[in-house]
Amino acid sequence: MKVGEGLDALFKPRSIAIIGASQDETKIGGRPLQLLQKHGFEGRIYPINKSGGIVQSLPAFVSVRDVPEPIDLVIVAVPAGAAVAAIEDCAAIGVKAAVILSAGFTEVGEEGALLQARLTEIARQSGMRILGPNCLGSIGIAERSIATFSIAIEAAMPPAGPVGIVSQSGNLGSFTMRSASLRGVGISRFIATGNECDIDIADGIAWMATDPQTKIILCCLETCRDGAKFVAALEMARAAGKPVIVLKIGSSEAGSAAAASHTGALAGSDAVFDVVFRNAGAVRVANIEQLIDMAHVLSVVEADRLPRGNRVALIAASGGFGVMMADAASQNGLTLPRLGQDTQDKILQIVPYAAPHNPVDTTAQVSARPELFQGVLSAVASDPVCDVVIVLMSSALSLPRLRDVYLEALRGLKAEHPDKLVVLCCSGPDDVIAQINAMGFATIEGIDAVCSAVAGLVRVGTMRAHTALAAIEVLPGDALPADVFANENEAKKVLASAGIPILEERVATDKASLLRDAAEIGYPVVIKIVSPDIAHKTEVGGVVVGLANEGDLAQAYDTMMASVAAKAPDARITGVLVVKMAGSGTELILGTKNDSIFGPIVMVGLGGIFAEVMQDVSLQIAPVSEATALEMIRSLKAFPLLDGARGRPKADVQAAASAVAALSRLAIQQASSIAEVDINPLLVAREGEGVVALDALFVPVAATQL
33 MKVGEGLDAL
43 FKPRSIAIIG
53 ASQDETKIGG
63 RPLQLLQKHG
73 FEGRIYPINK
83 SGGIVQSLPA
93 FVSVRDVPEP
103 IDLVIVAVPA
113 GAAVAAIEDC
123 AAIGVKAAVI
133 LSAGFTEVGE
143 EGALLQARLT
153 EIARQSGMRI
163 LGPNCLGSIG
173 IAERSIATFS
183 IAIEAAMPPA
193 GPVGIVSQSG
203 NLGSFTMRSA
213 SLRGVGISRF
223 IATGNECDID
233 IADGIAWMAT
243 DPQTKIILCC
253 LETCRDGAKF
263 VAALEMARAA
273 GKPVIVLKIG
283 SSEAGSAAAA
293 SHTGALAGSD
303 AVFDVVFRNA
313 GAVRVANIEQ
323 LIDMAHVLSV
333 VEADRLPRGN
343 RVALIAASGG
353 FGVMMADAAS
363 QNGLTLPRLG
373 QDTQDKILQI
383 VPYAAPHNPV
393 DTTAQVSARP
403 ELFQGVLSAV
413 ASDPVCDVVI
423 VLMSSALSLP
433 RLRDVYLEAL
443 RGLKAEHPDK
453 LVVLCCSGPD
463 DVIAQINAMG
473 FATIEGIDAV
483 CSAVAGLVRV
493 GTMRAHTALA
503 AIEVLPGDAL
513 PADVFANENE
523 AKKVLASAGI
533 PILEERVATD
543 KASLLRDAAE
553 IGYPVVIKIV
563 SPDIAHKTEV
573 GGVVVGLANE
583 GDLAQAYDTM
593 MASVAAKAPD
603 ARITGVLVVK
613 MAGSGTELIL
623 GTKNDSIFGP
633 IVMVGLGGIF
643 AEVMQDVSLQ
653 IAPVSEATAL
663 EMIRSLKAFP
673 LLDGARGRPK
683 ADVQAAASAV
693 AALSRLAIQQ
703 ASSIAEVDIN
713 PLLVAREGEG
723 VVALDALFVP
733 VAATQL
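According to this note's numbering, the residues represented by the sequence shown are 33 to 738, in order.
1) Could you check whether the stretch 671-681 touches the stretch 482-495, counting it as contact only if at least three pairs of C-beta atoms, one from each stretch, sit closer than 8 Å?
2) By a C-beta neighbour count over all protein chains shown, 10 Å radius and 16 as the cutoff for buried, is D104 buried or exposed?
3) Apart from the five residues just before and just after V315, which ones in its own chain have a Cβ nearer than 8 Å to its Cβ?
4) As a quick exercise: from F405, G236, A428, pick the residue whose alpha carbon is nearest that of L442.
5) For L429, which residues in the same chain have their Cβ closer than 6 Å to its Cβ, ignoring the five residues on either side in sequence?
6) Return the residue from the list G720, L168, E321 that minimises the CA-CA distance to G478.
7) Out of curiosity, what's the CA-to-CA distance linking G531 and R697?
8) Going by C-alpha to C-alpha distance, which of F222, S667, L323, I559 sits closest to G172?
9) Could you tell me the distance, in whole angstroms, from the CA atom of T375 to the CA atom of V333?
10) State the Cα-Cα distance for the pair D684 and V724, rounded to the nearest angstrom.
11) Nearest to Q381 by CA position, among E663, A411, Q363, M357, is which residue?
12) DSSP beta-bridge partners for A125?
13) Along the chain, where does the alpha helix (DSSP H) containing D325 start, and where does it finish?
14) Could you check the C-alpha separation between A145 and I51 for me, to the nearest Å?
15) Among residues of its own chain, excluding the 5 on either side of R270, which ones have a beta-carbon nearer than 7 Å to its beta-carbon?
16) F43 to S170, Cα distance in whole Å?
17) Return helix, strand or coil for P655, following the three-state DSSP convention.
18) Looking at the unbroken beta strand (DSSP E) that takes in L715, where does it start and where does it end?
19) Measure the C-alpha to C-alpha separation of G573 and V539 and round it to an integer number of angstroms.
20) Just tell me which of L507, V506, V526 has its CA closest to the CA of A514.
21) With H, G and I counted as helix, E and B as strand and the rest as coil, what does DSSP make of M471?
22) Output yes or no for whether 8 Å exceeds the beta carbon distance between V307 and C251.
23) With distance defined between alpha-carbon atoms, name the residue in G554, D710, G720, L501 nearest to T660.
24) Please identify the residue among E267, A192, L368, Q686 whose C-alpha is closest to the C-alpha of P244.
25) First and last residue of the beta strand (DSSP E) that includes K452?
26) Compare the C-alpha of L439 against each of L323, T475, I553, I281 and name the closest.
27) Identify whether S288 lies in helix, strand or coil by the three-state DSSP scheme.
28) Looking at E520 and A728, is the spacing between their C-beta atoms short of 8 Å?
29) Whole angstroms are fine: how far does the CA of S667 sit from the CA of A387?
30) Taking its Cβ as the centre, do 16 or more other Cβ atoms sit within 10 Å of N342, making it buried, or is it exposed?
31) Within the continuous alpha helix (DSSP H) that includes L380, where are the two ends?
32) What does DSSP give as the partner residues of D627 in its beta bridges?
33) By Cβ distance below 7 Å, which residues in the same chain neighbour G216 in space, the five residues on each side in sequence not counted?
34) Under the DSSP definition of a beta bridge, which residues are partnered with I281?
35) Give the range of the beta strand (DSSP E) segment to which V108 is assigned.
36) Distance check for D627 and S301, CA to CA, integer angstroms please.
Here it is, written out as structure tokens:
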């Protein structure tokens, strides 16, 4: 079944049955029936109660099988064991969709998990879509299709509007719906997926992507069970031009096996979600307040007025507030261009004592005369150097005298510049805020909040222009021998065959062979301990560099063997690797990790001993093209080190990008056997002189499954 298919019966049913319907309106089985009648569902309602009779003024049936006509949607509110039997009855009579509000499934242990597995099996066999179990259900606002017991709609339904809400957590989702409603944001659909035996978060997003009533999708996410399905849903929303705003909560801890490599420590699953959101054009927010702010601004701002860049002009009647706004804007990734000289001249003609740069300090003079305030706003809005104008109104809207000045100025601005995006930082009476929103001006309370919301609008506007990354086909490769995971030398041979350059090296089994191999390779050399039990050699004294002659090498060998014996006495030693000393360059770390949800990812970052300290990395879902790999490298904070900063020679970033792309293909080819790869460091030489992998660690899938 395609992602999002079959949910029409959930949101737009013509008939609803409630299994476990109760006369008591406070019980879970009583509330959906009460809410359906209270809020005016126009379809047919069938209470199902084993005692029959009349339930909340409607005739009840003993079994869903007794209902004399087809049923689109069934709400199940009986204990877990009975719920499974009820779903079997629903499947037998061709019910299209079911919402299981009941708890007692995977969240309570093995017995509950078996019951939930049966629900999944029924859904697959029958084609009936099942929401839950242990969920808060769904709502179609315009249709008054209510399959929930949420207190969020106890007093009133939310106003109908463009925002759909998809949440795994019922309470978080319903709180979001209520909070958005209080901000005047209209809602189209609500769905809380709970345990996700069948319908999951991706189905909700995908269906809303095709729903004419939904223009904006809010997603409250803990995790997802099917990475490819989730990405497909986000791409459907992007293709439909519907912004997806995600509040992703929780982050997975890396398992002990993953910590065997730097990549495992640096590429946590939460960071992978960030990559997925960015690739698919979804915008992640940090908290529920930002989620509601984004719902508000996107509801007010038409799609054709979304910013195409991050340049903002700031206007305030106070220099101090202007500085605060500038700080907040910069912290949110917004830039403040200097306004054009013509713009500055116009501002000074209107308010001679103003500070006309950016931020613009209008002084308090504009509070008395709307034409002055409108003139300054119009001058700034006319300047092409800014994509967005943010205006701080402080508490002016709470004072009737000042309120009228500002409202008149805003009406004039809207008439002069109907397409310019202007966002107001203000608070005030609800009716006044509603007037301003109706003009097309979004209103956010708080300087940090308004800058965060504008930054979110910028991400939505700029992401719309991005297309999905082109698919790269990589076929599975032959299984790797076990030595690859226990021996750096063998691991490097795999890298070389994948297209990542390495230096000449040999493995010696004793001091005599080590001295002989070094002489043939040529000094200076580096030696490293070879052991399947030592992942990080430097920590046990297992690496010595810059050995210029035979005497230095012999002494270094003895010292290294003694250090390893003392610090890793139980490690199995299979030899000593001797390799030609590399030249100068910049060190990067390259790595892959087999993410449990999204599959292989590839990472590049600042390398050497500071990889985990600096945390300067860029991730991407594998495989990647060389062009994408180059973008990853350019996004690093350390990129200036590669690009000739402070007189340094430019590094061969194109060769580094080729290595990243090659490693990403290897991760796909060996996804069934490689859990992680660590290349630390990858030495990047001068421009045109290539790269070389100086160290490599492969972690097998089996090691991460222990």
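Using N, Cα and C, we set each Cβ at its ideal position, and we do this for glycine too. These figures come from a predicted structure and were not determined experimentally.
To lay it out plainly:
1) no
2) Within the sequence shown, numbered from 1, the residue matching residue 104 stands at position 72. Its Cβ being crowded by 16 or more others within 10 Å, D104 is buried.
3) For this step, residue 315 is matched to residue 283 along the sequence shown. Only P275, V276, I277, V278, F309, M326, G488, R491, V492, M495 meet the Cβ criterion.
4) Taking the sequence shown and counting its residues from 1, one reaches residue 442 at position 410. Closest by alpha carbon: F405.
5) Along the sequence shown, one-based indexing puts residue 429 at 397. So the list reads R435, C458, G460, V464, once near-sequence residues are dropped.
6) In the sequence shown, counting from the first residue as 1, residue 478 sits at position 446. Closest option to G478, Cα to Cα, is E321.
7) Reading the sequence shown from its first residue, position 499 is the one you call residue 531. Reading the sequence shown from its first residue, position 665 is the one you call residue 697. Spanning the two alpha carbons is a distance of roughly 10 Å.
8) As a working note, residue 172 is residue 140 in the sequence shown. Ranking the options by Cα distance to G172, first place goes to F222.
9) As a first step, residue 375 must be located in the sequence shown, where it is residue number 343. As a first step, residue 333 must be located in the sequence shown, where it is residue number 301. About 25 Å.
10) Working through the sequence shown from its first residue, we reach residue 684 at position 652. Working through the sequence shown from its first residue, we reach residue 724 at position 692. So the alpha carbons of these two residues sit roughly 11 Å apart.
11) In the sequence shown, residue 381 corresponds to position 349, counting from 1. Here the closest residue by C-alpha is A411.
12) In the sequence shown, residue 125 corresponds to position 93, counting from 1. The identity of residue 125 in the sequence shown is Ile, whereas the question assumes Ala. According to DSSP, which records beta bridges pairwise, I125 is partnered with nothing at all.
13) Within the sequence shown, residue 325 is the residue found at index 293, counting from 1. If you look at D325, you'll find it in the alpha helix (DSSP H) that goes 320-332.
14) Along the sequence shown, one-based indexing puts residue 145 at 113. Along the sequence shown, one-based indexing puts residue 51 at 19. Taking the straight line from one Cα to the other gives about 22 Å.
15) Residue 270 sits at position 238 when you count from the first residue of the sequence shown. Take R270, set aside five residues on each side of it, and the residues of its chain with a beta-carbon closer than 7 Å to its own are A312, G313, in chain order.
16) Residue 43 sits at position 11 when you count from the first residue of the sequence shown. Residue 170 sits at position 138 when you count from the first residue of the sequence shown. Each residue's alpha carbon lies about 7 Å from the other.
17) Here residue 655 refers to the residue found at position 623 when the sequence shown is read from its first residue. Residue state, collapsed to three classes: coil.
18) As a first step, residue 715 must be located in the sequence shown, where it is residue number 683. Per DSSP, L715 belongs to the beta strand (DSSP E) from 706-716.
19) For the purposes of this step, residue 573 is identified with residue 541 of the sequence shown, where counting begins at 1. For the purposes of this step, residue 539 is identified with residue 507 of the sequence shown, where counting begins at 1. Those two C-alpha atoms are separated by around 18 Å.
20) Position 482 of the sequence shown holds residue 514. The shortest C-alpha separation from A514 is found at V526.
21) Your numbering for residue 471 matches position 439 in the sequence shown. Reduced to three states, the DSSP call for M471 is helix.
22) Residue mapping note: residue 307 aligns to position 275 of the sequence shown, counting from 1. Residue mapping note: residue 251 aligns to position 219 of the sequence shown, counting from 1. Contact flag unset, no.
23) In the sequence shown, residue 660 corresponds to position 628, counting from 1. Of the candidates G554, D710, G720, L501, the one whose C-alpha sits nearest the C-alpha of T660 is L501.
24) On the sequence shown, residue 244 is found 212 positions in, with the first residue counted as 1. Per the Cα distances, A192.
25) Locating residue 452 in the sequence shown gives position 420, where the first residue counts as 1. Run containing K452: none; DSSP gives neither H nor E here.
26) Indexing the sequence shown from 1 puts residue 439 at position 407. When each option's Cα is compared against that of L439, the closest is T475.
27) To locate residue 288, count along the sequence shown from 1; it is residue 256. In this prediction, S288 scores a pLDDT of 33, lower than 50, which makes its location untrustworthy; no coordinate-derived value is stated.
28) Within the sequence shown, numbered from 1, the residue matching residue 728 stands at position 696. Within the sequence shown, numbered from 1, the residue matching residue 520 stands at position 488. It is a contact, given that the beta carbons lie within the stated cut-off.
29) If you number the sequence shown from 1, residue 387 lands on position 355. If you number the sequence shown from 1, residue 667 lands on position 635. The C-alpha of A387 lies about 35 Å from the C-alpha of S667.
30) The sequence position of residue 342 within the sequence shown is 310, counting from 1. So N342 ends up on the buried side.
31) Looking up residue 380 in the sequence shown gives position 348. Residues 373-382.
32) As a position in the sequence shown, residue 627 is number 595, starting the count at 1. DSSP, once it has assigned bridges, lists G631 as partnering D627.
33) Position 184 of the sequence shown, counted from the start, is the residue given in the question as residue 216. For G216, where only same-chain residues beyond five positions count, the Cβ hits under 7 Å are A466, N469.
34) Here residue 281 is taken as the residue at index 249 of the sequence shown, counted from 1. Beta-bridge pairing links I281 to no other residue.
35) The count along the sequence shown starts at 1 and reaches residue 108 at position 76. Secondary structure note for V108: its beta strand (DSSP E) is the uninterrupted segment 105-108.
36) Here the question's residue 301 lines up with position 269 in the sequence shown. Here the question's residue 627 lines up with position 595 in the sequence shown. Inter-residue distance for S301 and D627 is about 7 Å (C-alpha atoms, whole angstroms).
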